[in-house]
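Undergrad: Residue numbers (this note's numbering), protein chains in the order written: chain D, 18 to 214; chain S, 18 to 214.
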DNA sequence: CATGAAGCATGATAGTTATCATGTAAGATG
DNA sequence: CATCTTACATGATAACTATCATGCTTCATG
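As structure tokens, this is what we get:
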């Protein structure tokens, strides 16, 4: 039967968000088209009414997740305090334990490196994140602001990835804490943190 | 027919190294048992004469690759100059473009996070790398040496991962360069670098 | 309101993959 | 040297998966 356009559109976005969550949690190869459709309450049949292929779904779902993440970052980190809270949340145990709802880069970067088509999405995401980091620096660093934001992002992604991969809970905590301390040890940030306390 | 034990042992290690290289390049799900055996010049048949399962191969090949990598790190970075060269090599375009021969963490960390059995291998690898980094610091940092080595490793892994995932060659280079600069900007290292120039 | 088209469920298909089965011939072992 | 064992190649199997085919029914459109 034919369905109302509004419902169809709703299902479409539901597929997108289910897919991006499952991909982040289990990897691209770890989740099948059938599982994704099942997660949205549909059967595997209508998948190809919504997307060209699994590859296309990967692309579109990551694009969607990227925009959502950047919007959330905008909303959360629009003040210096917000930015600090955002960085803390990024390097928290909660974020570590919820990859399906978390950062695309930490969850999928190494797999995306192998999927030619999707690399442009990730590139835009990296550029946008570093741009936002620069703009959000409350102290408006002038000297090599872009470089500093790249360094910060690298450390954040690496620490979160390692904290997830490691088996030892104490080590995992230490990795997250060190990354937080590193960010706060930045003399420009340390001043701001001290003022808050 | 039956084969000489020496040849069989040689084939065994050949499977191990082919597997770890292919896994790093294409991911665990991206390479089949058949492809691995083919890469060693055998057919898929005798695989189960050598390993219990693909899962067991993953574990053993990563264990093997980890030990080799740590030995190579020991050999290359036994002097301050060696350590600097090692860090430079880690953050080089050559390393970025040869994941199959490169660091386990940058190539597979996010996938390993999902494979319970293998996490202990990666944990040992992280601990060994940070231990070596601490011991190799020529200046023998006293204050929070472990923390500093964890931060350094996080930045290295994150930068290499992002440099691989990104589509834009200039951005990729910039990420690597910033990570190198960050390490060398450490005042303790800067002195050493300056002395070299 | 009549007609056409779109989205759904069910089911089919072809390819891939991990793993197992079998026969063989030569090294290992006594 | 006789026997046994083992690693190999070939081939089989069962599960999974991406994608396609079909028919139904109801919304959308004029």
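Even for Gly, the Cβ is constructed at its ideal location relative to N, Cα and C.
With three or more C-beta pairs closer than 8 Å as the rule, is the stretch 125-136 of chain D touching the stretch 122-132 of chain S?
TA: Enough Cβ pairs lie closer than 8 Å, so yes.
Undergrad: Is it the case that the Cβ atoms of residue 120/S and residue 73/S are separated by a distance below 8 Å?
TA: Not closer than 8 Å, so no.
Undergrad: Could you work out which residues of chain D lie near residue 127/S, taking near to mean beta carbons separated by less than 8 Å?
TA: The answer, in chain order, is 44, 123, 124, 125, 126, 127, 128, 178, 181, 182.
Undergrad: Can you check which of these residues, 20/D, 97/D, 105/D, 173/D, is closest to residue 66/D by C-alpha distance?
TA: Minimum Cα distance to residue 66/D is reached at 20/D.
Undergrad: Starting from the Cα of residue 18/D, find the closest Cα among 34/D, 27/D, 40/D, 63/D and give me that residue.
TA: The residue with the shortest Cα to Cα distance from residue 18/D is 63/D.
Undergrad: Can you tell me which of the three DSSP states residue 214/D falls into?
TA: Because the pLDDT of residue 214/D is 46, which lies under 50, any placement of that residue in the model is unreliable, and the number read from its coordinates should be weighed accordingly. Residue state, collapsed to three classes: coil.
Undergrad: From the DSSP output, in three-state form, read off residue 59/S for me.
TA: If DSSP states are grouped into helix, strand and coil, residue 59/S belongs with coil.
Undergrad: Taking residue 66/D as part of the alpha helix (DSSP H), name the residues at either end of that continuous run.
TA: Start and end: 64-67.
Undergrad: Mind listing the chain S neighbours of residue 167/D? Cutoff is C-beta to C-beta under 7 Å, in chain order.
TA: Per Cβ cutoff of 7 Å: 191, 192, 195.
Undergrad: In chain order, what residues of the same chain have a beta carbon less than 6 Å from the beta carbon of residue 177/D, not counting five sequence neighbours either side?
TA: Here the set comprises 123.
Undergrad: Kindly list, in the order they appear in chain D, the residues whose Cβ is closer than 7 Å to that of residue 185/S.
TA: Those are 140, listed as they occur along chain D.
Undergrad: Is the beta carbon of residue 175/S sitting closer than 8 Å to the one on residue 172/D?
TA: Yes, they are a contact pair.
Undergrad: How is the alpha helix (DSSP H) around residue 28/D delimited, first residue to last?
TA: Note, residue 28/D: alpha helix (DSSP H), 22-43.
Undergrad: Relative to the C-alpha of residue 191/D, which residue among 40/S, 56/S, 163/S is closest?
TA: That would be 163/S, whose Cα lies nearest to the Cα of residue 191/D.
Undergrad: Considering only the alpha carbon of each residue, which of 36/D, 78/D, 114/D, 45/D lies closest to residue 132/D?
TA: Comparing Cα positions, the closest option is 45/D.
Undergrad: For a cutoff of 8 Å on Cβ pairs, would you count residue 188/S as touching chain D?
TA: For residue 188/S, the answer is yes, since a Cβ of chain D falls inside 8 Å of its Cβ.
Undergrad: The alpha helix (DSSP H) that contains residue 47/D, what's its start and end?
TA: From DSSP, residue 47/D is part of no alpha helix (DSSP H); its letter is neither H nor E.
Undergrad: Kindly provide the ranges of any alpha helix (DSSP H) runs that are 4 or more residues long and lie completely inside the stretch 102-134 of chain D, ordered along the chain.
TA: Complete alpha helix (DSSP H) runs here, min 4: 110-113, 121-129.
Undergrad: For a cutoff of 8 Å on Cβ pairs, would you count residue 48/S as touching chain D?
TA: No, its Cβ sits nowhere closer than 8 Å to a Cβ of chain D.
Undergrad: Could you tell me whether the Cβ atoms of residue 139/S and residue 193/S are closer together than 8 Å?
TA: Contact flag unset, no.
Undergrad: In terms of alpha-carbon separation, which member of 144/D, 184/D, 151/D, 154/D lies closest to residue 187/S?
TA: Cα-wise, what sits closest to residue 187/S is 144/D.
Undergrad: How would you call residue 30/D, buried or exposed, if buried means at least 16 neighbouring beta carbons within 10 angstroms?
TA: When all chains shown are included, residue 30/D counts as exposed.
Undergrad: With a threshold of 8 Å on Cβ separation, who are the neighbours of residue 90/D within its own chain once the five nearest residues in sequence on each side are excluded?
TA: Cβ within range, chain order: 103, 146, 149.
Undergrad: Near residue 166/S, which residues of its chain fall below 7 Å by C-beta distance, leaving aside the five closest residues on each side in sequence?
TA: Excluding sequence neighbours, residue 166/S sits near 147, 150, 151.
Undergrad: Nearest-angstrom Cα distance between residue 82/S and residue 116/D?
TA: Near 27 Å, if we compare the C-alpha coordinates of residue 116/D and residue 82/S.
Undergrad: Between which residues of its own chain and residue 169/S is the CB-CB distance below 7 Å, once the five residues before and five after are set aside?
TA: For residue 169/S, where only same-chain residues beyond five positions count, the Cβ hits under 7 Å are 150, 200.
Undergrad: Which two residues bound the contiguous alpha helix (DSSP H) that contains residue 96/D?
TA: Careful: residue 96/D lies outside any alpha helix (DSSP H) and carries neither H nor E.
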